[in-house]
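Below: the structure, in structure tokens.
There are 2 protein chains.
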Amino acid sequence: MRNIKLIIEFDGSNFCGWQRQPKGRTVQKVIETAIFKATGEEIMINGSSRTDAGVHAREMVANFLTNSSIPGDKFREAINTRLPEDVSIIKSEEVSEDFHARYSSKGKTYSYTIVNRYERLSLGHQYLYHYKYKLDINEMRRACEYFIGRHDFRAFMSPGSSIKTTTRTIQDLYIEQNGNEIKIFITADGFLYNMVRIIVGTLIKIGNGKLEAENIKDIIEEGNRKKAGMCVPPNGLILEKVFY
Amino acid sequence: MRNIKLIIEFDGSNFCGWQRQPKGRTVQKVIETAIFKATGEEIMINGSSRTDAGVHAREMVANFLTNSSIPGDKFREAINTRLPEDVSIIKSEEVSEDFHARYSSKGKTYSYTIVNRYERLSLGHQYLYHYKYKLDINEMRRACEYFIGRHDFRAFMSPGSSIKTTTRTIQDLYIEQNGNEIKIFITADGFLYNMVRIIVGTLIKIGNGKLEAENIKDIIEEGNRKKAGMCVPPNGLILEKVFY
Chain A
1 MRNIKLIIEF DGSNFCGWQR QPKGRTVQKV IETAIFKATG EEIMINGSSR TDAGVHAREM
61 VANFLTNSSI PGDKFREAIN TRLPEDVSII KSEEVSEDFH ARYSSKGKTY SYTIVNRYER
121 LSLGHQYLYH YKYKLDINEM RRACEYFIGR HDFRAFMSPG SSIKTTTRTI QDLYIEQNGN
181 EIKIFITADG FLYNMVRIIV GTLIKIGNGK LEAENIKDII EEGNRKKAGM CVPPNGLILE
241 KVFY
Chain B
1 MRNIKLIIEF DGSNFCGWQR QPKGRTVQKV IETAIFKATG EEIMINGSSR TDAGVHAREM
61 VANFLTNSSI PGDKFREAIN TRLPEDVSII KSEEVSEDFH ARYSSKGKTY SYTIVNRYER
121 LSLGHQYLYH YKYKLDINEM RRACEYFIGR HDFRAFMSPG SSIKTTTRTI QDLYIEQNGN
181 EIKIFITADG FLYNMVRIIV GTLIKIGNGK LEAENIKDII EEGNRKKAGM CVPPNGLILE
241 KVFY
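Order-wise, the sequence lines are chains A and B.
In terms of UniProt numbering, the first sequence opens at residue 1 and continues consecutively.
In terms of UniProt numbering, the second sequence opens at residue 1 and continues consecutively.
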């Protein structure tokens with residue numbers, strides 16, 4: 001069988017996340033249905049990440065095995081013409097049979113966008129988290145440094161997943177500011193459940209003065225979820241890129 | 001009666017436009033309903049523009065007359081708490097009784113955003129117009145100059161509105177480029193029906209080589225709608241600001 005790799009963009013607003021489930025519209029199911037319509041094959045696709053409901057992706061990666069004769073690069077159009085507007089195949093190609101979107105992944109970059117203004121927000125609300133109290137970006141930037149590196153991030157994880165270790169390496173964490181828009185980029189070799197959203201919630205706790213940048217070191221060492229910040233809503237989160 | 005001015009932001013994706021109509025969810029009706037809940041008054045609000053379905057606003061202006069005792073600046077919260085997520089009052093204030101959001105307006109700025117890339121687009125599709133063929137931005141920028149000034153813009157108007165004159169003054173028209181995102185800003189003392197969307201469609205016809213910048217002069221003089229470009233979809237359009 002041939003192994004096809006897909007790069008997928010989607011707007012997660014109207015999805016119950018990536019992973020196929022008995023009820024509810026999911027990205028995985030919508031793509032599998034489109035592939036069935038294109039090839040007649042009932043295949044299962046492997047996604048690089050199981051994004052939650054409301055989370056978006058600029059470059060999610062998936063792969064699937066097929067007996068179809070459609071050339072690798074032609075799957076893009078064949079699937080796209082059968083997809084709803086909120087999911088798009090950006091690229092398709094045939095890859096070696098040992099490629100697995102999830103297990104072959106070496107790391108990922110996510111972004112999270114906050115709009116920091118007093119006034120309520122409607123324009124772009126599916127993609128932005130509105131935070132009304134003034135945030136100190138310089139303190140937040142200083143705090144980023146404490147996250148970078150190989151650490152046990154169990155304080156920044158929601159329960160609900162079975163994993164062997166809570167140690168991960170954050171390669172990069174930085175903030176871009178454009179007017180009242182604050183965009184946080186984070187790259188790691190892997191992420192614990194809700195890890196990005198809890199790190200962002202913790203950065204907000206630093207930005208509003210409830211924590212100091214230096215506290216991050218202690219929270220990581222202590223591993224106490226309660227001392228970290230809240231898990232911010234999914235809509236500000238975008239899976240930007242997956243590395244192999 | 002007191003006259004209250006509102007500045008309104010809305011995501012037009014799930015609205016049948018601004019203006020109240022017998023059927024369909026409109027921004028005007030949603031705000032009037034919220035005001036009724038806040039004051040008990042069945043009022044009618046005047047909007048600065050009658051935006052079409054799918055068009056968004058960063059700073060739409062409206063006004064209404066009220067006997068309520070709510071202070072001018074407190075209407076914002078009083079209305080916001082009764083509004084759905086896709087409409088927000090950004091500011092409310094009491095103004096002199098001769099202020100009318102539509103008739104007092106001296107001009108408006110709209111923006112229209114195109115994503116110019118071959119790949120299909122899903123992320124942000126409610127706010128962006130996807131155009132897949134390569135656009136020559138320099139030619140489009142050169143064409144902008146021919147639109148600026150006081151002209152008869154009947155070639156850039158859809159039928160369906162009753163107006164006295166088709167002459168308008170475009171004060172400013174320019175393009176910002178950021179990667180594959182092309183953002184067109186246009187400011188005029190007033191706009192004909194679909195004028196912004198037809199001007200954008202005409203700029204696209206220049207960008208893809210079907211027209212030359214110099215042709216704009218002739219199209220304006222001739223006033224022939226058929227020689228101008230298509231009316232691009234509403235979703236890329238944002239009412240940015242109204243001037244008084």
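Just so it is clear, CB atoms sit at the ideal spot from N, CA and C, and this is done for glycine as well.
Grab the span of the beta strand (DSSP E) containing B:M60 for me, first residue to last.
The count along the second sequence starts at 1 and reaches residue 60 of chain B at position 60. Note, B:M60: beta strand (DSSP E), H56 to T66.
Candidates A:K29, A:L6 and A:G149: closest to A:F15 by CA position:
As a working mapping, residue 15 of chain A is identified with position 15 in the first sequence. Minimum Cα distance to A:F15 is reached at A:K29.
Run through the DSSP bridge pairs and tell me what A:T167 is partnered with.
For this step, residue 167 of chain A is matched to residue 167 along the first sequence. Answer is A:D152, bridged to A:T167.
Entirely within the UniProt domain "Pseudouridine synthase I TruA alpha/beta" (7 to 104) of chain B and at least 4 residues each: give me those alpha helix (DSSP H) ranges in chain order.
27 to 39 and 75 to 80
A:F10 CB to nearest chain B CB: under 7 Å?
As a working note, residue 10 of chain A is residue 10 in the first sequence. Yes, A:F10 lies at the interface with chain B (some Cβ there is under 7 Å from its Cβ).
According to DSSP, is B:E240 part of a helix, a strand, or is it coil?
Here residue 240 of chain B corresponds to residue number 240 of the second sequence, with the count starting at 1. Reduced to three states, the DSSP call for B:E240 is strand.
Cβ shell of B:Q19 (< 8 Å), same chain only, five flanking positions each side left out
Against the second sequence, residue 19 of chain B aligns to sequence position 19. The residues are T26, Q28, G47 and R50.
Give the residues of chain A in contact with B:H125, contact being defined as C-beta atoms less than 8 Å apart.
The sequence position of residue 125 of chain B within the second sequence is 125, counting from 1. The answer, in chain order, is D11, E85 and D86.
When B:I43, B:C231 and B:L173 are compared against B:P159, the one with the closest alpha-carbon
Here residue 159 of chain B refers to the residue found at position 159 of the second sequence. Distances from the alpha-carbon of B:P159 to those of B:I43, B:C231 and B:L173 put B:C231 closest.
Taking CB distances under 7 Å as the criterion, tell me whether B:I90 reaches chain A.
For the purposes of this step, residue 90 of chain B is taken as residue 90 along the second sequence, with counting starting at 1. So yes, B:I90 belongs to the interface.
Whole-Å CB distance - A:Y131 paired with A:A213, under 8 Å assumed:
The residue given as residue 131 of chain A occupies position 131 in the first sequence. The residue given as residue 213 of chain A occupies position 213 in the first sequence. Not a contact, Cβ separation roughly 18 Å.
Should B:R25 be flagged as near chain A, meaning a C-beta pair shorter than 7 Å?
By one-based count along the second sequence, residue 25 of chain B stands at place 25. Output row for B:R25: interface = no.
Report the rounded CA-to-CA distance for A:Y244 versus A:K5, giving the unit in angstroms.
Residue mapping note: residue 244 of chain A aligns to position 244 of the first sequence, counting from 1. Residue mapping note: residue 5 of chain A aligns to position 5 of the first sequence, counting from 1. If I take the Cα positions, the gap works out to 12 Å.
Rounded straight-line distance, which links the Cα of A:K134 to that of B:Y133:
Translated into the one-based positions of the second sequence, residue 133 of chain B becomes position 133. Translated into the one-based positions of the first sequence, residue 134 of chain A becomes position 134. Computed Cα separation, rounded: 42 Å.
Please classify A:R168 as buried or exposed, where buried requires at least 16 other C-beta atoms within 10 Å of its C-beta.
The residue given as residue 168 of chain A occupies position 168 in the first sequence. Classification for A:R168: buried.
According to DSSP, is B:E145 helix, strand or coil?
Taking the second sequence and counting its residues from 1, the one referred to as residue 145 of chain B is at position 145. The answer is helix: DSSP assigns B:E145 an H, G or I state.
Within chain A, the residues that B:R58 reaches when beta carbons sit closer than 7 Å
In the second sequence, counting from the first residue as 1, residue 58 of chain B sits at position 58. Per Cβ cutoff of 7 Å: L123.
Is B:L173 helix, strand or coil when you go by DSSP?
Locating residue 173 of chain B in the second sequence gives position 173, where the first residue counts as 1. B:L173: strand per DSSP, three-state reduction.
Is any non-hydrogen atom of the ligand FAD found closer than 6 Å to the C-beta of B:N116, if you look at the structure I gave you?
Inclusion of the ligand FAD in the displayed structure is not the case, the ligand content being empty and no account of it being possible.
Closer than 7 Å by beta-carbon distance: list the chain A residues that pair up with B:N80, in chain order.
Locating residue 80 of chain B in the second sequence gives position 80, counting from the first residue. Neighbours of B:N80 on chain A, chain order: R120.
Exposed or buried, what is A:T81 when buried is set at 16 or more other beta-carbons lying within 10 Å of its beta-carbon?
Here the question's residue 81 of chain A lines up with position 81 in the first sequence. Its Cβ having fewer than 16 others within 10 Å, A:T81 is exposed.
Exposed or buried, which one is A:F191 when buried takes at least 16 other CB atoms within 10 Å?
If you number the first sequence from 1, residue 191 of chain A lands on position 191. It is buried - the Cβ of A:F191 has at least 16 other Cβ atoms within 10 Å.
Since A:M140 and A:G236 should fall inside the 8 Å C-beta cutoff, what is the C-beta to C-beta distance between them, to a whole number of angstroms?
Taking the first residue of the first sequence as position 1, residue 140 of chain A is located at position 140. Taking the first residue of the first sequence as position 1, residue 236 of chain A is located at position 236. Rounded, the Cβ-Cβ distance is 15 Å, inconsistent with contact.
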